[in-house]
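First comes the structure, then the notes that go with it.
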Amino acid sequence: MNEKSSIIQKIDLCIVQISRIGDVLQTIRALQLFFKGPTTLSILFIGRKEFAGPLEFLLKKYCKHIIYLDFKNNLNRTSEKALLKQYVSDFISSINQYEIDKCVNLSFSKTSSYLCSLIKASQKLGLSRDKDDNLSISDPWCQYVYSVVMRGCWNPFNLVDIFISVLESLKLRQEVTMTILPSEPLRISQNTTSVVVHPFASIDKKRWEVSKWAYIINYLLSNIPNIEIIVVGAKSDTIEGEKLFSDDLIQNCFGKVTNKIGQTSLEQLYEVMRCSSMFMGHDSMCGHLAAIANIPCVTISLGSVRSHETAPYGNENFVIAPKVACYPCYPDTLCNGLYCHKTISAWLVASFVSSFFERIIDKCVTYNAIDSFLDRAASVDIASIILYKSGLDKNNKLFLDPLNIIDADAPMLFRLYYHIIWSFVLEDKEINFSIPPISSLVATEIQNYLEGIKYIFELNVFGEQYSQFVLDECSNKRPQLDKIKSYIGKISEIDGMSLGLKEKFSLLSPIVDYYYVNRTNLPGKNMIQLASNSLLNFKEANCTLNILNEFILKTIEDYRSKQNVFDSEINISGKSPHITEL
Amino acid sequence: MSMNKLIDEILFELKELKKNKKNNARTTVSGEMDQYFELMLLLNLVEEESNEGNK
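Line by line, the protein sequences give chains A and B. Going by our numbering, the first sequence opens with residue 112, and the numbers climb by one from there. Going by our numbering, the second sequence opens with residue -6, and the numbers climb by one from there.
Written out as structure tokens, the structure is:
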């Protein structure tokens, strides 16, 4: 062994996370829950200097090695191609100086796919490139992220859980089991209780105007004794912060509100959170930091925020989301009205938070804070929101339980179906949820999806047939290439038609997209292996559609039986019978 | 140098690389692909920063 090889350090796991700070925090939360404590594994973290750098104090708890991609600063210094090329080359060399066993890309961006293609590792998960520059995603969970999470809003899983599932699929040598403790109960002291408020977000769509937060802060300070509010934010939030602190409602608070906007590093902010009783804010990286600090979180989700994916990860946290058809929108959706901002009243949020503190202060054990809040809230206000409480399913995956919903709408139902379906398809784990009540309109809407399932099912049967034709042709003594090409062409046509049906049956998109991405990443070294796997893929897609079909039928059956009971009750009382639309 | 000019330069080099690939069959595939991936990585990084600046 020469001197050079003797100093090569071995890395058990290399994590690539070059996305923004929120994604880095969700990755850290996944590591925190996955490893539960210090790990003996040698972990290398690769992140951007501007996003991962401020979180080094947390990353170091799990990652022995950290390499930063500092491209932004390099580009600011020079725009000479040769120098930038050299920087990229040196950056790659600094990674490949290690002997990496497993590499996982949790970024899901085009840039990260090229980066991962250049990393030398025995096993790679996540986006990468093959030798023909095609996108390559070998594992089911990463295929799921690429096809379902990145293309729509019907993903039922929190990103932290998805990251944990990806880590689990690596089968690391250390035995690990994930557990999650509920957020620590509210810490109420005799003297003063602190609530951290972050009234900002990365884009305007995701945050209220500050006057609403001024109302909430004033309400809490007026209604809860011995409470102090700490307002936090980045330097870039300073101007909005000044607006907040110049509001009359805040000016009247006589020093009970501390302005820490732009005054803390993330490490200092983390310490502030650890000493606080609660976090309130919009969906932003601060919520994830609060979850890591294990304090109860109340999040107001607006605009393009997908609560199920990005809610602060912890048991018994709360999310308040608007109940409007356009929510969640997409980051690039133009919106002048910001209707979702108006549907959640500041009073409602303030009243909800204050009910928690009342419970503790009154020391009344049987007093249910949520029931109390729901009783107090005006029916108009409460009908325009969805109040979620986070919990864990049987497989330790986070789910958001809607507390104030009388009738589920179709997206809510499908998210529930998909939670069960994907747990089974991707992890072979079974979970049960009870079917929530639905209205006649929703029953009609979901019944229409049976037609979409039938169409896609039939297309998949054709897919199976053409895959079988390819196999049959390959087994001939003299296979004809033209025939094989024509069958493959038919499979492409089937893909095109299935993808086309998504427009009419949008809630079926996850299944169509997942199996399409899975099909474009089939393992196989030759035509026979590929065709066999293609056949299997179409069969699996139809099994999944069958499960969904059963769920819809069961929901409609439940609805009808409840309606029958309801109708017979009305008949007994002598009123006219209710006619169901189904 | 503007960001657009830098992107054009990288695109030009990528084009040349593809041209050389056709002409020089003896180049090792992995080395050639690494060179290509490094350039694509650089291109995407520059484009990301450019898009960020245009927001």
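We treat Cβ as the ideally placed atom computed from N, Cα and C, and that holds for glycine.
For Glu167/A, the enclosing alpha helix (DSSP H) covers residues 167 to 170. Under the Cβ criterion of 8 Å, Phe311/A is not counted among the residues facing chain B. Cβ contact annotation for His399/A (same chain, cutoff 7 Å, sequence separation greater than five): Gly133, Leu136, Gln137, Arg140, Pro423, in chain order.
At least one CB atom of chain B sits nearer than 8 Å to the CB of Ser190/A. For Met608/A and Gly635/A, the gap between their C-alpha atoms comes out near 25 Å. Taking 8 Å as the CB threshold, Asn44/B stays off the interface with chain A. Note on geometry: alpha-carbon atoms of Ser153/A and Lys121/A lie some 7 Å from one another.
By the neighbour-count criterion, in which a residue is buried when 16 or more other Cβ atoms sit within 10 angstroms of its Cβ, Glu584/A is buried.
Boundaries of the beta strand (DSSP E) around Asp123/A: 121 to 128. The C-beta distance from Pro433/A to Leu449/A rounds to 10 Å, too long to fall under 8 Å, and the pair is not in contact. Taking all protein chains in view, the Cβ of Phe429/A is crowded by 16 or more other Cβ atoms within 10 Å, so the residue is classified as buried. Taking a Cβ-Cβ threshold of 9 Å, none of the residues of chain A is close to Leu4/B; the smallest such distance is about 11 Å. For Asp486/A, the secondary structure class from DSSP, reduced to helix, strand or coil, is helix. Within chain B, the residues Glu42 have their CB atoms less than 7 Å from the CB of Lys183/A, given in chain order. Residues of the stretch 220 to 234 of chain A whose Cβ lies closer than 7 Å to any Cβ of chain B, in chain order: Lys221, Thr222, Tyr225, Leu226, Ser228, Leu229. Closest option to Asp27/B, judged by alpha-carbon separation, among Gln234/A, Asn184/A, Asp443/A, Ser239/A: Ser239/A. For Ala163/A, the uninterrupted alpha helix (DSSP H) run begins and ends at 160 to 163, by DSSP. The closest CA to that of Ser233/A, considering only Glu210/A, Trp252/A, Ser218/A, is found on Glu210/A. Residues of chain B with a Cβ closer than 9 Å to the Cβ of Leu186/A are, in chain order, Met(-4), Leu(-1), Leu38, Val39, Glu42. What Leu195/A touches in chain B, judged by beta-carbon distance under 7 Å, is Leu35, going in chain order. Using beta-carbon distances, Ile132/A does not count as an interface residue toward chain B, since no partner is under 8 Å.
Residue burial is scored here from C-beta neighbours: Lys147/A has fewer than 16 other C-beta atoms within 10 angstroms and is therefore classed as exposed. For the stretch 236 to 247 of chain A, the set of positions with a beta-carbon nearer than 8 Å to some beta-carbon of chain B reads Arg240, Lys242, Asp244 in chain order. Using a Cβ distance threshold of 8 Å, Val409/A and Val321/A do not count as a contacting pair. Lys500/A places its beta carbon less than 8 Å from that of Leu514/A.
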